[in-house]
Every structure is written in structure tokens, then in C-alpha cells.
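Residue numbers (full-length UniProt numbering): 1 to 419.
All remarks here apply to the structure that follows.
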């Protein structure tokens, strides 16, 4: 493993809340959270440090947060603004290196190995320059983790969040004293279920994995999780040791494997099939439109359903293979409808998601005897072009004007949140 790479993971502190505080100087010394102030059961998407000091946490309910912090200012999210600021920050990073990879909207990897010597002031000075450049341009403070690999830079960033200057380096000289003593649940990509599996193996710290021989770790994983766990075992073992040969890659990080959309629903409004059918069709329209944008067709249609009656809840997912790969609305909708009707228990819906997978290129389409699929595809592409140019509200199905429709609401949102 090369030790001369210099990778940074730059993370924006309380990103959405920081953007809003920069836009509203009058809230500089006030606790601010981003969420929908009209929905007490909605979740907090971000909270500034002042709000966090009062016990407000990300993903907590808005009503609960306002109870904990009486002076809390709750601002409705503006996703398009956050995306613009994120892209602005990317451009700042590109002034320091051409190797910048977005990890999320508020986290980006930078490989400064080749550009560090150009600045001539050393890594600490470069990081300080980046931090102040971003702060002056956007009002957002960044914390930077550094290391010889992406995984070490990512885990170093967790330490950086606790440092006054927002910077921490994790490498092969201090990994055993800084990272390995931590509880195993603090390792990257280890969630609750995996933590329980590790506990059953007698593993409680990251160092317990790192100090173990790979063969022994695989044996324990097989005993606890079955014979198919070797790949997982190698991944966690390498992560614990900071091994990660993957480079910082600009642009799209990986090929799309599926296309899907989902919607959280007010369960008391979706108790009958006619109301549910409206939302199902709207989601299929979005899925097919996005698939055509990327020039894909899907062979497998999947639905994911969450049901509740206010007391008990149920969730499940089902899938079926289409006769031919498709991104045509009526074909995908027919399969999704059949899946839903065949498995719905009759309880009100609290969430519905539709996706297509096993994607193939749409340059070749299978013809059928009774449908002109090419003509239908061209018609739907024409509709896509109108929506792209004039907005998704430009053409909608009449059914979306019903009370159960969500298409108009989603037209005002990005990723389920207001633009």
C-alpha cells in the first residue's frame, strides 16, 4: 500500500443550517434548524452547533426539537440552493487540485498529492487556505480529515469534527493508537445489525478486527453469518487497517444499477386502492422518465411498501421480471400495479417506492406484434423534453389533480424536499 498519497475528506459543518445562517445574518447567534416548520412530525434535516447544544439532533422531529429549544428558528429547506452552494465549493476545491470526488452533497474527497508542491507552503497551510476560502465564499465552515487512503481520510474526518481547527490526520503511524481503540460501531459502514454480529464474535473494538489474521476473521464471520461472508470479512478487515487502493475519481463514481423513486405518505389519506393507484402511477412516470434520461431499460420491476393503521405496522418488498426490458410507463405501471394488488394486506400506506433494475441500454428495443413500442417510446421522449424545458408541471396526468395526487407537490421538491 503506497504511503505517499495525500487524500483529504472535506466535510461541511451542519451544511444546510450553515447555508441558511449565511443567508440570514440576523440568525448568527440563534439556534437554527432546517426542516418544515408547518409539519411538527417532519424531521430536522440539519441543526447548527447552537441548536445541537440544546439537544436538537438531525432526524429528530420538528415538534420535539422546538420543545427542547424554545428559541429554535426552523427554516424550510431549499434544496436547489444547497446544490448550488455544493457545486460552488467543488469549484473552490478544483482550484487546489483537479482530482475532486463528491462523496455526498456536503463531503468531497481531494487528492492533493500532485498539487501540494505547487503551493509550496505545506499541507497544514493548504488546508487552512481551503477552509478559509470556502468560509469567505459561502459562510460554511469545513472540517478536513487527511490520510494516505480515502478510507483513512474519511475516518480521520470523524476526529476532525472534534478538533478546534477542524483538522486531523490518520495514517499508518497513529492508526493503532487513535483508531483501533474505538468501539467497533464507530468503524465506517458498520451499523447496528453488523455491530451485534461482531459482539457475538467477541469483537468490541476496531483493533480487535485489525489485529486478527484475515483467515481467522473469515472463519469467525462464516460461523456467525454463513459461508457467503468472505467478501464482507475482507472489506471490514481492510477498512480496520486503513487499506483502500481506490483512487479519487472525478465525475460519476459508479454505473447506475437501478432507477427508483419513493414517497412517504400520510397514511390516513391512502386507505383505498383508487387513491394508492394515483401515487403508484406518478412514481412509475418519474422512474421511467429518469431511466430514459440515462438511456436505460429495466428487466425487473420492484415495489417497496410500508403500511400502518396507527397501531401496527408492516413493510415488505416484491419484484417481478418483465417479458422484455422496458422504460415505457404503461408496461412498468402494469407490473407494479399487479405486484401491489397481489400482496397488499389492505392496511393504509405510509410509504410506496417503485424501481427498475437489471438495466440494459435502450438503443435496441424488442418489437411486439400488438404494440408499437418504438412509437410509444418516441412519444414519451417528447413529453420528457417538454418537462425538461418547461418544468415537470408543464404536462401531468389528470389523475394527479385529485386529492391523492402528489405530482404537483413533488414538482416543487428535490429529493423529497423543497427546492
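Cβ atoms here follow ideal geometry from the backbone N, Cα and C, with glycine treated the same way.
Would you kindly check if the distance between the Cβ of residue j and the Cβ of residue i is under 8 Å?
| i | j | result |
| --- | --- | --- |
| residue 74 | residue 35 | yes |
| residue 305 | residue 287 | no |
| residue 58 | residue 47 | yes |
| residue 170 | residue 187 | no |
| residue 180 | residue 207 | yes |
| residue 146 | residue 8 | yes |
| residue 6 | residue 149 | no |
| residue 242 | residue 172 | yes |
| residue 357 | residue 317 | no |
| residue 10 | residue 140 | no |
| residue 261 | residue 151 | no |
| residue 329 | residue 285 | yes |
| residue 335 | residue 349 | no |
| residue 266 | residue 361 | no |
| residue 142 | residue 166 | yes |
For residue i, which of helix, strand or coil comes out of DSSP?
| i | result |
| --- | --- |
| residue 70 | coil |
| residue 96 | coil |
| residue 44 | coil |
| residue 347 | coil |
| residue 13 | coil |
| residue 409 | helix |
| residue 110 | strand |
| residue 8 | strand |
| residue 253 | Caution applies to residue 253, whose pLDDT of 49 falls short of 50 and renders its modelled position unreliable; the model cannot decide the point. |
| residue 102 | strand |
| residue 148 | coil |
| residue 269 | helix |
| residue 423 | The structure shown does not extend to residue 423, since the chain is modelled only from 1 to 419, so the question has no answer here. |
| residue 394 | coil |
| residue 203 | coil |
| residue 404 | coil |
| residue 87 | helix |
| residue 38 | coil |
| residue 368 | coil |
In terms of residue numbering, what span does the beta strand (DSSP E) encompassing residue i cover?
| i | result |
| --- | --- |
| residue 326 | 313-326 |
| residue 263 | 258-264 |
| residue 296 | 296-308 |
| residue 55 | No beta strand (DSSP E) contains residue 55, which DSSP labels as neither H nor E. |
Measuring CA to CA, which of the options is closest to residue i?
| i | options | result |
| --- | --- | --- |
| residue 53 | 43, 72, 40 | 72 |
| residue 79 | 99, 359, 105, 243 | 105 |
| residue 98 | 87, 115, 82, 83 | 115 |
| residue 185 | 177, 163, 158, 340 | 158 |
| residue 337 | 82, 347, 320 | 320 |
| residue 51 | 347, 43, 70, 315 | 70 |
| residue 385 | 289, 372, 366 | 289 |
| residue 232 | 40, 211, 215 | 215 |
Write down the C-beta distance between residue i and residue j rounded to the nearest angstrom, noting that I regard them as a contact closer than 8 Å.
| i | j | result |
| --- | --- | --- |
| residue 197 | residue 224 | 5 Å |
| residue 298 | residue 359 | 6 Å |
| residue 220 | residue 201 | 5 Å |
| residue 100 | residue 110 | 6 Å |
| residue 90 | residue 102 | 7 Å |
Could you spell out where the alpha helix (DSSP H) holding residue i opens and where it closes?
| i | result |
| --- | --- |
| residue 241 | Here residue 241 belongs to no alpha helix (DSSP H), and DSSP marks it neither H nor E. |
| residue 207 | 206-210 |
| residue 130 | 123-138 |
| residue 382 | 373-390 |
| residue 198 | 192-200 |
| residue 219 | 214-225 |
| residue 168 | Here residue 168 belongs to no alpha helix (DSSP H); instead the beta strand (DSSP E) covers 167-169. |
| residue 456 | No statement about residue 456 is possible, as the shown extent of the chain runs from 1 to 419 and does not include it. |
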